[in-house]
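To start, the structure under review is shown below, and the notes come after it.
Right, dumping it as C-alpha cells:
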C-alpha cells in the first residue's frame, strides 16, 4: 500500500526534475545568444567595409593594366607611323635604308614583344613576274610570292627587320591570301587608319613554344594622288608597314610586381572561351591558376578596329592581403567572451544537475552498487542492490556489509573478514574483480554474483570503496547448458567417427572380396568378351573405393582430425608418378597428358601423399572434362614452377590447364561446395561425387596455400595452386646439371609445349641444344658437319610434325657422318626407353620421366647404357599352390587371421597364386594358439575380430617373443580412418595396409618383408634345387632380349662399349672412396648401376645400389665396406666380357 502511495509522488518528482533541467539549459543558451548578437553585428559591418576597399583596389589594378596595354599598342603604332613617314618622304626606300631605320629604333630594348617591322608591297597580277625578277636580282635567287596561285591582288613582305631567325620564314609571304590578315588590311585602307588583325598563327612560329599572334597595319599610298574616298585610296595604295606580335612576348612585364596579386587573360573579340584566348598571365607565373579568386572583372579595349576582352582575377596573395585581420579578431574575441560567459553559466547549472543525475543513476541502475568507508561500513546502497539482497536500504546503511551479506563462502564455511577481497580496495588501494562469488540474502539463501570493487581516494588517501555486482544466476544456468551441449556434440562427433570407422570396415570387407576376386580373375586366361567384363567390374570397384575414400577424407577434414606429414619429398617424383598413374586414363579418354616440373626445384618438406591427392583430383577432373570434344583433341598440361624463393621457403605455382568444356562464372562460384559438380547435366554426363575439389581446397588451406580458377565456357579451365613449402635439409637425388655437358643436341620440333619441355630439360642437363623445324632439319645437319665426334638428333614426333623414318637417312647423308644418333619422342604410355634400331632410341612423352630423357640422350651420345629401372613388370609370375610343409621349408608360410570368410578365401587364394602357403584363423585367440604351436614366417591380421582383436594379438605375440626371433606382423584393415596406422604400430605391428588389396600390392608387401625369391618355370622345376648355388656374373640372355637380336657382333660391340664407358666410372668411385667423398660416390654408383642392370650384371648392379643407398643415408662405413665387394664384382664382369 505504501509503495502504491509513493508511486505518483515519484513520477511527479521525476517530471519536475526534467522540467528544471530543460529550464537551466534554455537559460544558458539565451545568455549565449544575447552576448553573441552585438559581436556578430560588429563583425558584419567591418567585413563589408573591408570588402569595399578590396574591390576598389582590385578595380584600380585592373584599370592600370588596361591602360598599360593600350599605351603599349600606341607606342608600337608610332613605330609603324614613323616607317610610313619614311616611305611618304621618299619615292623609293631601299632595303638598306629600311634596315638602318629599324636598327636605330632598338626594338629589342625599347619595344618588348615586337618580332620586327616590315613592309608588304601591293602587286597587281600583271606585275607579279616583273616583281619576282626584280627581287631576285637584288640577291635573292629563291624568292617567291607565297603561297603560289592566281589571285586578283597580291601582297608580298619584301622588307622585314631584323631579317634573321624566325623572320626569314615571312619573306615573300602574301598576307592578303589569308582571311584574317586580309580583313585587317582591307579595314586599314577603308578607314585610312591603323588596324590590328584578329588572333592568328604567325608564319614565324617555326620552333619553340607556340604563342598566339596578331599583326598591326599602317597603309602607305603613292604621293600626289587623292585619298578622299576608299576607292581612291585603293588606287593609290603602295603597300603596308606592319609588325607581327607574339602576344606572350608583347605582354611580358606588363604586370610587374602586380603579378603577385592579380592575373588576367586577353580574349580576341567579345567571346570568353578557349578558342578566343590569346594570353593568360597565370600560365607565366604558376602551374595552376587560382581556382577560387575573391575578385573578378571584365573590361574591353576598343582599339585599331578590334575589340579585346580582358578578364581579371585576384590571386591568393591579394585575397589574403585584403582580408582584414581586425574583422576576425573582433569576431574571435567576441565569440570567446560569449562562450566563456556561456560556459560559466552552464557549469553552475550542470553542477547541481550532476548531483541529481548521480543519485538517479544509482537509483535506476540494474546492477547492485554500494559504498564502504575505510572501516567497511555501508555509506550508500542503491535500490537494485537492496532488492537483490532482500533488505530495505536503510537496514544496511552504517552496517558492516561483510557481516551482513558476505560472512560465508559458497560451500557454507566461514569467510574471515581479513580474507575478504572486497576490503582490499580500501585497505591496499587495489581494484579487484571476481567472476564468481556468493552473497547471502536476508532470508539466508545464497545469491551468485560477479563483482568489482574499486578504491575511493580523497585528498590522496584511501577513503573507502565502491562495490558493483550483478546477479549471475542465469549465466551459470547457461554455462551449465553449454557444457552439456559441448559434451553432447563431442559424443556425437565420437559417434560419427565410430560410425565412419565401422562403415569403412563393413564396406571395405565385402569390397575386398570383390576387388581381390576380380584381380585374380584378370590374371587368368579369359576370352576377349570376358576380359572386357572384368575390366568393367574392376573400374566400378575402383570408383566405389574412390567414393569411400573421398567421403572419409571429407569427414576427417570437417572434424579437424586430419593431420599432415612434413617429410622431404621430390616434387618432380610426385609429378612424374602422377603422370604415369594417369597416363592410362588419359589414353583411354583420348586426351593428351603433358607434365612439366621445373628441373631447378630442390627437395622440399611437406606431405607427399596429400599433395599427390590434390594433383590427382585436379588432373583427373581436367582429363574427364576434356574428352569427346567435338572440334579439337583434348589436352591437359600439369606443371610445377617456382614463383619466388624467400630465405628457406619456396613459393610454388602448380598449374593444371585443359582445353575442355570450361565453365561459366556462375558454375565457378559454387565449384568448391561439397557434393556440387557444376551443373546437374555435368554430373549425369561425367559422374563424380563433387567432393574431390572440396577436399583439394581444404587440404591446400591446411598446407597454407590456396587455389584460383580461370575458365570460360568451351574455353578450357586453368586451376592455379599457390603453395609455400620449406626447402628440405636433405636432398633426394635427381638428375642434375652437367650430365650432358659437351653433348650437341639437334632438337627437331615446333612451337608446341612438348618441344619447349624437351628443350628446357636438355638445357638444364648442360646439353648444347639447337632447335630447328622439320623443314630445316636436313640443312642444319649439313651445316653441323664440323668434324665433331657425334650429334644426337632428338625428334618431337607430334601430330602434323611427325618426321618420316626416311628423313633419318637424309640427315645422315647431309651430316656426312654415320655417327649420327636419334632419340624419338613419341606419344604413348610406355615407360621404358627402347632401341628401335642400332642408332635410334624411342621413348613416350606421356609417361616420360626427365631422367629417362636424359638417360636416352646420354646413351645415344655414348655416355651411359640404357636404364631399365623404370620399366614396370608386364605381368606377375604365378606359382602353383604349395603345401604347408613345403612353404615352411621354403620360408614362405603365412598365418592369416580374419573373421570374415570372404576375406580369408580371397587373400588366401592371392597368397597361393604368389607361391605362399597359408594357414587360417577366425579370430585373434585361434591365431595366437596356432602361432604358439608352430613357426610362421609372417602374420597377416585384421584389426577388428571377435574374442581377441588384432591389436591384442600383436601385443601378446611381442610379449611371447621377448627378444627372440621377430616375426613380421602386417595389419590388413578395412578401417581407413586417420590414426589406425598409428594404433597398429603402437601395438607392435610392422606394417599396415587397407582393404581391398590387389595382387600386385600384396606381392610388393610380401617381397618387402620376406624378400623376392620367385623363380620362373613349372612347379617341378621350382621345387628342385638350382644346379649351381653361385649367381651368374653376367646373364648372357639379358642384353640380347633387350636389343631383340642374337647377333654376336652387335652384342660384343655393346659389351665393349660398357667397359669403355664404365671402367672410368669405377676408377672414379675408388678415388671418391679414398677421399671419403660419399656424395660423389653415391652419384657415380647410381650411374653405373643402370648400365650394369642393362648388361645383365645383376650382382654388380645390386652392389652399386647398396653403395648408393649407404651414401644417401650418410653411412660412409657401410659404403666403404661394400666397395671391396664391388671391386671383385667389377673385375669378374671385366673378365667375363674379355673372355666372351
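Numbering (the numbering used here), first residue to last: 1 to 1140. Cβ atoms here follow ideal geometry from the backbone N, Cα and C, with glycine treated the same way. Quick caveat, the model's predicted, so the values are computed rather than measured.
Checklist entry - So, is residue 296 buried or exposed, given that buried needs 16 or more other C-beta atoms within 10 angstroms? => result exposed
Checklist entry - Out of curiosity, what's the CA-to-CA distance linking residue 445 and residue 339? => result 57 Å
Next on the checklist: Excluding the 5 residues flanking residue 429 on each side, which residues of the same chain have their C-beta closer than 6 Å to its C-beta?
Outcome noted: 455, 462
Checklist entry - Does the separation of the CB atoms of residue 1066 and residue 1130 fall below 7 Å? => result yes
Next on the checklist: Quick check on DSSP: helix, strand or coil for residue 941?
Outcome noted: strand
Checklist entry - Can you give the Cα-Cα distance for residue 1013 and residue 617, rounded to whole angstroms? => result At residue 1013 the pLDDT is 48, less than 50, meaning the model places this residue with poor confidence; the figure from the coordinates comes in the next sentence. In a straight line, the C-alpha of residue 1013 is about 37 Å away from that of residue 617.
Next on the checklist: Quick check: the Cα distance between residue 333 and residue 29, rounded to an integer number of angstroms?
Outcome noted: 18 Å
Item to check | Neighbour-count burial assignment, residue 586, 16 or more Cβ in a 10 Å radius | outcome: buried
Next on the checklist: I need the boundaries of the beta strand (DSSP E) containing residue 592, first residue and last residue.
Outcome noted: 591-597
Next on the checklist: Please list the terminal residues of the continuous alpha helix (DSSP H) segment that includes residue 654.
Outcome noted: Not the alpha helix (DSSP H): residue 654 falls in the beta strand (DSSP E), residues 649-658.
Next on the checklist: Just to confirm before moving on: does the CB-CB distance between residue 887 and residue 896 stay below 7 Å?
Outcome noted: no
Checklist entry - Near residue 1088, what residues of its chain come up, given a Cβ to Cβ distance below 6 Å and the 5 sequence neighbours on each side ignored? => result 1062, 1065, 1104
Checklist entry - Whose CA, out of 648, 709, 521, 403, lies closest to the CA of residue 622? => result 709
Checklist entry - Going straight from the alpha carbon of residue 83 to that of residue 146, what length do you get? => result 24 Å
Item to check | Residue from 997, 1000, 981 whose Cα sits closest to the Cα of residue 991 | outcome: 981
Next on the checklist: Suppose you measure from the CA of residue 889 to the CA of residue 515; what does that come to, to the nearest Å?
Outcome noted: 31 Å
Checklist entry - In chain order, what residues of the same chain have a beta carbon less than 8 Å from the beta carbon of residue 1023, not counting five sequence neighbours either side? => result Confidence at residue 1023 is low in this model, with a pLDDT of 32, below 50, so the placement of that residue should be treated as unreliable; the coordinate-derived value is given next. Closer than 8 Å at Cβ, skipping near neighbours: 886.
Item to check | 7 Å Cβ cutoff met for residue 379 and residue 399 | outcome: no
Next on the checklist: Count Cβ pairs between the region 570-580 and the region 656-667 that sit closer than 8 Å; are there 3 or more?
Outcome noted: no
Checklist entry - Considering only residues of the region 128-208, which uninterrupted beta strand (DSSP E) runs meet the minimum length of 3 residues and lie entirely inside it, listed in chain order? => result 154-161
Item to check | residue 375 classed as buried or exposed, judged by whether at least 16 other C-beta atoms fall within 10 angstroms | outcome: exposed
Item to check | Cβ-based neighbour list, residue 914, same chain, cut-off 6 Å, excluding 5 preceding and 5 following | outcome: 1003
Checklist entry - Are residue 280 and residue 265 touching if we call contact CB-CB under 7 Å? => result yes
Next on the checklist: For a test of the three-state rule: what should DSSP assign to residue 1037, helix, strand or coil?
Outcome noted: coil
Item to check | Residue from 752, 765, 842, 754 whose Cα sits closest to the Cα of residue 793 | outcome: 842
Checklist entry - Taking contact to mean at least 3 C-beta pairs separated by less than 8 Å, is the region 60-72 in contact with the region 306-320? => result yes
Next on the checklist: Under 8 Å, with one C-beta from each stretch per pair, do the region 910-926 and the region 996-1011 reach the 3-pair mark?
Outcome noted: yes
Item to check | DSSP state of residue 919 mapped onto helix, strand, coil | outcome: strand
Next on the checklist: To the nearest angstrom, how far is the alpha carbon of residue 127 from that of residue 200?
Outcome noted: 29 Å
Next on the checklist: Applying the 10 Å Cβ sphere with the 16-neighbour rule, what's the burial state of residue 1142?
Outcome noted: Residue numbering for the chain in the displayed model covers 1 to 1140; residue 1142 lies beyond these limits and cannot be assessed.
Item to check | Limits of the alpha helix (DSSP H) - the one that residue 623 falls within | outcome: 608-624
Checklist entry - Between residue 926 and residue 943, what straight-line distance do the alpha-carbon atoms span, to the nearest angstrom? => result 14 Å
Checklist entry - Distance, Cα to Cα, residue 68 vs residue 125? => result 42 Å
Checklist entry - Are at least three pairs of beta-carbons, each pair with one atom in the region 111-124 and one in the region 72-89, less than 8 Å apart? => result yes
Item to check | residue 373 - DSSP class collapsed to helix/strand/coil | outcome: strand
Checklist entry - Identify the residues that DSSP records as bridge partners of residue 706: which are they? => result 722
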